[in-house]
Each structure stands twice: as structure tokens, then as C-alpha cells.
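Asks: I have a structure I would like to understand better, so I am pasting it below and will then ask my questions one at a time.
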Amino acid sequence: MNEQQYDSAKDTLLHIKRVNALLLQFLQELINRAVTHDESKLHEPEKMFFDKMTPRLKTLTYGSEEYKQALAELKPALDHHYSHNSHHPEHYENGIDDFTLADLVKMFFDWKAASERHNDGDVLKSIEINKQRFGLSEQLCKIFENTERWLCIKNTINQKE
Numbered sequence: 001m002n003e004q005q006y007d008s009a010k011d012t013l014l015h016i017k018r019v020n021a022l023l024l025q026f027l028q029e030l031i032n033r034a035v036t037h038d039e040s041k042l043h044e045p046e047k048m049f050f051d052k053m054t055p056r057l058k059t060l061t062y063g064s065e066e067y068k069q070a071l072a073e074l075k076p077a078l079d080h081h082y083s084h085n086s087h088h089p090e091h092y093e094n095g096i097d098d099f100t101l102a103d104l105v106k107m108f109f110d111w112k113a114a115s116e117r118h119n120d121g122d123v124l125k126s127i128e129i130n131k132q133r134f135g136l137s138e139q140l141c142k143i144f145e146n147t148e149r150w151l152c153i154k155n156t157i158n159q160k161e
């Protein structure tokens, strides 16, 4: 009996093609979310609150008592914002446990960008505060921290080029 030797190339190429398709589908979802990020802040009932409070929030330390007090003043806008933006844990009944991976990725980058708006902002400090606030696991926080360090390294390399 003449048995032909199995060549895995065809199956491997099909697998590669499938992973490519899935990643591109996910990337398209992230692009859609990037394009529409926080659009609700540009319209009422949110805009008037953010017009008033954003300059003040920039001067406050994230997680401080003063910051929490400012958030209390923003509550009507935040309630609306959270209900229309799924990258916020408050959007879901079970918080982050109900997230998709796209929600999680967007939340991380929202935290990073928000930390850059504060005079003393630090996304690593935000991760630690939000670990307590949202009951994040050590593992998830470590992934966020690793991602921030990786981004810093990539940005440093890109600036040198």
C-alpha cells in the first residue's frame, strides 16, 4: 500500500486565513468604535454638564475626594453617558463581567486618554484605583500594565526614528 505523507501546509494556510479574517473583523469593530467614541458627550443632556465640569476635572486628581464630588455633580450626564457607551462598566448590570473583548480594549484606551487630560494623570495609577472600584482581577490589571509599558516602549522607539 502506497501511503502519501500528510502535508500540513494546506490546513495551516486555512487556519492562518481564518485567524486573519477574525482579526480583521475585530479590527473593523474597533475602528467603528474609535470613530464613534463618546459622541454622546457632544449632545444634550451630556454636553452642558461636560462644558461646565471638564475644565475643573482636568485640575483634580483622579480618585480624590474632590474628583468624586465633581462626579456627583456630573451624575445626570454620566448616567446618560454610561447607558449609551458600552465600554463603561456601569453600562452593564454585571459590570466588566458582561463586557466583550472590544469593550475591554476600548475601556483601557479610554482610561489612558483620560489620564493624559489630568495635570497629574497616570494610567498605571488609574488602573490601581479602578481595580478596587470595579473589582478587577490581578491578572487583568497586569495585562493592562503590560500593555501600557509596551505602548511606552513603542512610542519611545517611534520617536527615535
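Each residue of the sequence shown is one higher than the one before, counting from 1 in the UniProt record's numbering.
Yeah, the Cβ is synthetic: ideal placement off N, Cα and C, and Gly gets one too.
All values reported here derive from a predicted model rather than from experimental measurement.
1) Have a look at Ser40, Asn20, Gly135 and Ile143 and flag the residue whose alpha-carbon is nearest the alpha-carbon of Phe109.
2) Please classify Glu148 as buried or exposed, where buried requires at least 16 other C-beta atoms within 10 Å of its C-beta.
3) Does Asn146 pass the burial test, meaning 16 or more other C-beta atoms within 10 Å, or should it be called exposed?
4) Just how far apart, CA to CA, sit Lys106 and Ala9?
5) Hey, would you say Tyr82 sits closer than 9 angstroms to Glu90, going by beta carbons?
6) For the candidate residues His80, Asn32 and Leu22, whose alpha-carbon lies nearest to that of Pro45?
7) Please work out which residues of its chain come closer than 8 angstroms, Cβ to Cβ, to Asn119, disregarding the five sequence neighbours upstream and downstream, and give them in chain order.
8) Closest to Ile31 by CA distance: which of Gln4, Asp51, Phe134 and Asp103 is it?
9) Mind checking whether His87 and Arg33 have CB atoms under 9 angstroms apart?
10) Report all residues from its chain with a CB closer than 6 angstroms to the CB of Ser40; omit the five preceding and five following residues, and keep chain order.
11) State the CB to CB distance for the pair Ser137 and Ser126, rounded to an integer number of angstroms; the pair is presumed to be in contact (CB under 8 angstroms).
12) Could you compute how far the alpha carbon of Ala70 sits from the alpha carbon of Val123?
Replies: Looking at the coordinates:
1) Walking along the sequence shown from the start, residue 109 turns up at place 109. Of the residues Ser40, Asn20, Gly135 and Ile143, the one whose Cα lies closest to the Cα of Phe109 is Ile143.
2) Here residue 148 refers to the residue found at position 148 when the sequence shown is read from its first residue. Glu148 should be labelled buried.
3) By 1-based counting over the sequence shown, the position of residue 146 is 146. Asn146 counts as exposed, since fewer than 16 other C-beta atoms from the protein chains shown sit within 10 angstroms of its C-beta.
4) Working through the sequence shown from its first residue, we reach residue 106 at position 106. Working through the sequence shown from its first residue, we reach residue 9 at position 9. C-alpha separation (whole angstroms): 36 angstroms.
5) Along the sequence shown, read from residue 1 onward, the residue named residue 82 stands at position 82. Along the sequence shown, read from residue 1 onward, the residue named residue 90 stands at position 90. Yes; because the gap between Cβ atoms is below 9 angstroms, this pair is in contact.
6) The count along the sequence shown starts at 1 and reaches residue 45 at position 45. The shortest Cα separation from Pro45 among His80, Asn32 and Leu22 belongs to His80.
7) As a working note, residue 119 is residue 119 in the sequence shown. Beyond the five residues adjoining it in sequence on each side, Asn119 comes within less than 8 angstroms, by CB distance, of Lys58 and Thr59 in the same chain, given in chain order.
8) Within the sequence shown, the letter at position 31 stands for residue 31. Selected option, being the one with the closest Cα: Asp103.
9) The count along the sequence shown starts at 1 and reaches residue 87 at position 87. The count along the sequence shown starts at 1 and reaches residue 33 at position 33. Result yes, Cβ atoms of His87 and Arg33 sit closer than 9 angstroms.
10) Taking the sequence shown and counting its residues from 1, the one referred to as residue 40 is at position 40. So the list reads Glu46, His81 and His84, once near-sequence residues are dropped.
11) Numbered from its first residue, the sequence shown carries residue 137 at position 137. Numbered from its first residue, the sequence shown carries residue 126 at position 126. Actually they do not touch by this definition, with Cβ atoms about 16 angstroms apart.
12) Reading the sequence shown from its first residue, position 70 is the one you call residue 70. Reading the sequence shown from its first residue, position 123 is the one you call residue 123. Near 20 angstroms, if we compare the C-alpha coordinates of Val123 and Ala70.
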